[in-house]
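What follows is a short report on a single structure.
There are 2 protein chains.
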Amino acid sequence: MSERTRRVTAADVARSLGVSRATVGYVLNNTPGQTISAATRERVLAEAERLGYRPHRTAQALASGRSMIVMLLLPDWPMEYSLRQHLETASRVLDEAGYSLVTHTRHGGGHARPLWELLSPDVVIAWTPITAAERASMKASGITRILPPPRQSRSFLASPTLNAGARLQIDYLHELGHRRIGYAASGDKRLALLSRGRVAGAREAAERLGLGLLDVRPVDHRGGSAAKALRHWRQEGVTAIAAFNDNLAAMTMAAALRAGLAVPGDLAVIGHDDTPLAGMLYPSLSSVSIDNVGLGHYFADLALRAARDEPPPEKAPDLHARVVPRESTIR
Amino acid sequence: MSERTRRVTAADVARSLGVSRATVGYVLNNTPGQTISAATRERVLAEAERLGYRPHRTAQALASGRSMIVMLLLPDWPMEYSLRQHLETASRVLDEAGYSLVTHTRHGGGHARPLWELLSPDVVIAWTPITAAERASMKASGITRILPPPRQSRSFLASPTLNAGARLQIDYLHELGHRRIGYAASGDKRLALLSRGRVAGAREAAERLGLGLLDVRPVDHRGGSAAKALRHWRQEGVTAIAAFNDNLAAMTMAAALRAGLAVPGDLAVIGHDDTPLAGMLYPSLSSVSIDNVGLGHYFADLALRAARDEPPPEKAPDLHARVVPRESTIR
DNA sequence: TGGTACGGCTTGCGCGTGCAAGCTGTACCA
DNA sequence: TGGTACAGCTTGCACGCGCAAGCCGTACCA
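See below:
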């Protein structure tokens, strides 16, 4: 095995310099309340650099009780581009604050050992509701900062903030002159919470505009569901469809074209999230784009405040939703 | 703060039972070479259960030198569905072996502290080539098992295994009677390695079939690129397009339809990866499906062997690529 | 000249675990 | 009856670090 070259520790740096290990630690951590001469500080830094010292994060975590890890629990539905894009921003912001973002997708099977137990993150923040069992498991692992808090576990996904886009879709279609509008909701159970929220937003907008009841139909990836919904809509004289996301919009549009309808002539369609897919279709798909960067900042802020045991920000983030018009709604 | 309820440690279990901490450890870890009476074993297990003991993974990692973490470095291109689906399988297989899979996407910015330093995984395994700097950083963090090894850093992405699908595309189009076939390669630099491999596979198949040189054109997400490629192909009398992936296929198809061509009448199109997108289009997109489960097993196996310091498997995995025919190639 | 203040360090414990080595009593054998 | 073997434990160190507390010398002041 040839003594698998051991990694350099703070003790190595100290020994090689003839100072104590504590001194090395104080210098490298810039520990407040310690007075170290500039000369020593310089020597320590130089030697650490020379030896290629890397602090052993595991040992740091054990000693300090903080792992500097923020764990973001993602839904296992395909959020693809749309909501996932904010991760990069969140990761960067947290990084600047000294925290690392680790994402985790809980897939059904039930892990032998859940990842939070392994990583002991300082903060767990979840997109999807956290089950009581999961919460208990986290508590037992010593995780105290869990977002969202118990009572609000479903709050964010159902929050009005995330409905702004849905309202906008209806406003936009109304503006184009459509008076009978259908809504393609998600038939996927995993998306139920989010979908319900958006439906509520769309309904609200429709009511405000005096459009009467919105014709909401579930669409999923299974073959006939879009075609079936379409028949209903046509019977009701619907001339425009707002969809839960771009995927459902694409499926609805395909069903319409396959049925011999013209898009947007006979049926206008608008998606949600402005994924790359929208631009790949023919006709290209109008959509609603969302401020993913802002969302990333919001999540990072949420996590950082929790890590510092500060109260959460009162106000939800502004999504800055805006319509991206393409061929599927305008000629 | 009310003494933020401390987590239960092995010492708590030992104390409450009047046995030593080592005994608790031996029982819970089933340490070989230790003889513990059935009665004591039972008592320890019961008490650990009763107190809700969870081993402190961080401390375990520090003491044992193994984190039981496998870190998979993902490319930052949108592999979304296609190649990413294998993750679930890999995660499950590793989980059964006691390892946890943590995925990490290195986005350009350059982390202040790279994630591998934070987690000290037992194995790092990368889809994309690992830079020399990254490799050095890993070594300095004490990570010795890095896949792929230095010299082969580009091997997997360029391996013939991953080209099986491209060969199949050409075979299939040839079978349908097409003799002038175009290939839509990826214009994305991040995909260059993979794309080049597939182009090579497609070329090989074309040559074998006596089709002469394949007409390869880059397509990317930018507006005009598909239309431009299409004009070239039409001039050359191309009647069918094999695309690097479903996205490029969709864009090519949209460009064709927009130009007034019939698909598949004037131009047949086949994608690669069989993403959900394929079924959402009109005409629906023929594609090549890949055995993601098998790929997941392969990655897990690769990681596990490395973790145990065993030699890697000699043979690459069989992708079991197969054509999924849809409307874009057959009427 | 004695006392105090404080800069600049060192000593040492604790974090929760794995594991080598040692220790004790009983069973068994010559 | 004395010795050996071994089941069934315990003692104690190591992992690499953070950090509280202490220690030593010099500068400054009365």
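Protein sequence lines, in the order shown, are assigned to chains A and B. In terms of UniProt numbering, the first sequence opens at residue 1 and continues consecutively. In terms of UniProt numbering, the second sequence opens at residue 1 and continues consecutively. Think of the CB as a built atom: it goes at the ideal place given N, C-alpha and C, for glycine as much as any other residue. Note that the coordinates shown come from a computational prediction; the quantities given were computed from them, not determined experimentally.
Query: Nearest to A:Ser67 by alpha carbon, out of A:Leu285, A:Val124, A:Ile330?; Result: A:Val124
Query: How long is the line joining the alpha carbons of B:Ala63 and B:Gly182, rounded to whole angstroms?; Result: 58 Å
Query: Taking only three categories from DSSP, how would you classify A:Leu73?; Result: strand
Query: Given that B:Ala250 touches chain A, what residues does it touch there, using C-beta distances under 8 Å?; Result: Leu277, Met280, Leu281
Query: Examine the Cβ distances between the stretch 276-284 of chain B and the stretch 247-256 of chain A and report whether three or more of them are shorter than 8 Å.; Result: yes
Query: Sorted by chain position, which residues of the same chain lie with C-beta nearer than 7 Å to B:Ile36's C-beta, five sequence neighbours on each side aside?; Result: Thr23, Tyr26, Val27
Query: Which runs of the beta strand (DSSP E), 3 residues or longer, sit entirely within the stretch 153-223 of chain B?; Result: 181-186, 215-219
Query: Closer than 7 Å, Cβ to Cβ, to anything on chain B: give me those residues from the UniProt domain "HTH lacI-type" (8-64) of chain A, in chain order.; Result: Gly52, Arg54, Arg57, Thr58, Ala59, Ala61, Leu62
Query: Would you mind listing the alpha helix (DSSP H) stretches within the stretch 221-301 of chain B that are 4+ residues and don't spill past its ends, in chain order?; Result: 225-235, 246-258, 276-280
Query: Just the chain B side, please: which residues come within less than 9 Å of A:Ala247 by C-beta, in chain order?; Result: Here the sequence assigns Asn to residue 247 of chain A, which means Ala is not the residue at that position. By Cβ distance, chain B contributes Pro276, Leu277, Met280.
Query: What span of residues does the alpha helix (DSSP H) with B:His86 cover, start to end?; Result: 86-96
Query: Between the Cα of A:Thr105 and those of B:Leu87, B:Glu117, B:Arg106, spot the shortest distance and give me the residue it belongs to.; Result: B:Leu87
Query: Within the present structure, is the beta-carbon of B:Ser100 separated from the nearest heavy atom of the ligand PLP by less than 7 Å?; Result: This structure simply doesn't include the ligand PLP, nor any ligand for that matter.
Query: Are the C-beta of A:Ser100 and some C-beta of chain B separated by less than 8 Å?; Result: yes
Query: In angstroms with no decimal places, state the Cα-to-Cα distance between A:Ser137 and B:Pro55.; Result: 12 Å
Query: Tell me where the alpha helix (DSSP H) around A:Ser137 begins and ends.; Result: 132-140
Query: Look at the alpha carbon of B:Glu175 and the alpha carbon of B:Val324, and state the distance between them as a whole number of angstroms.; Result: 14 Å
Query: Do you know how far the Cα of A:Ala97 is from the Cα of A:Leu304?; Result: 8 Å
Query: B:Thr58 by DSSP, collapsed to three states: which one?; Result: helix
Query: Please compile the residues from chain A whose C-beta is within a distance smaller than 7 Å of the C-beta of B:Gly120.; Result: Per the sequence presented here, residue 120 of chain B reads as Ser, with Gly not at that position. Going along chain A in sequence order, the residues near B:Ser120 (Cβ under 7 Å) are Arg57, Thr58.
Query: Just the chain A side, please: which residues come within less than 7 Å of B:Gly142 by C-beta, in chain order?; Result: Arg7
Query: Under a three-way DSSP split, which group does B:Ser20 fall into?; Result: coil
Query: Take B:His320 and list the residues in its own chain whose beta-carbon comes closer than 8 Å to its own, dropping the five residues that flank it on each side.; Result: Ile290, Asp291, Gly294
Query: Within the 8 Å Cβ cut-off, does A:Ile69 reach chain B?; Result: yes
Query: Express the C-alpha separation of B:Pro276 and B:Arg326 in angstroms, rounding to a whole number.; Result: 13 Å
Query: For B:Ser287, which residues in the same chain have their Cβ closer than 8 Å to its Cβ, ignoring the five residues on either side in sequence?; Result: Asp246, Ala249, Ile270, Gly271, His272, Asp273, Asp274, Thr275, Ala278, Val323, Val324, Arg326
Query: Name, going along the chain, the residues of the UniProt region "Disordered" (309-331) of chain A whose beta-carbon falls closer than 8 Å to a beta-carbon of chain B.; Result: none
Query: Could you please give me the residues that DSSP links to B:Ile146 through a beta bridge?; Result: B:Val124
Query: Give a yes or no on whether the C-beta atoms belonging to B:Leu173 and B:Ala242 are separated by under 8 Å.; Result: yes
Query: Kindly indicate if chain A contains any beta-carbon less than 8 Å away from that of B:His107.; Result: yes
Query: Here's the rule I'm using: 16 or more other beta-carbon atoms within 10 Å means buried, otherwise exposed. How should residue 332 of chain A be labelled?; Result: An answer regarding residue 332 of chain A cannot be provided, because it is not within the stretch 1 to 331 covered by chain A.
Query: Taking 8 Å as the cut-off, decide whether the C-beta atoms of A:Ala90 and A:Gly296 are in contact.; Result: yes
Query: Can a CB atom of chain B be found closer than 8 Å to the CB of A:Arg190?; Result: no
Query: Helix, strand or coil for B:Thr9? Go by DSSP, reduced to three states.; Result: coil
Query: Excluding five sequence neighbours on each side, which residues of the same chain lie with their C-beta closer than 7 Å to the C-beta of A:Val216?; Result: Tyr183, Ala185, Val199
Query: Are the C-beta atoms of B:Ala240 and some chain A residue less than 8 Å apart?; Result: no
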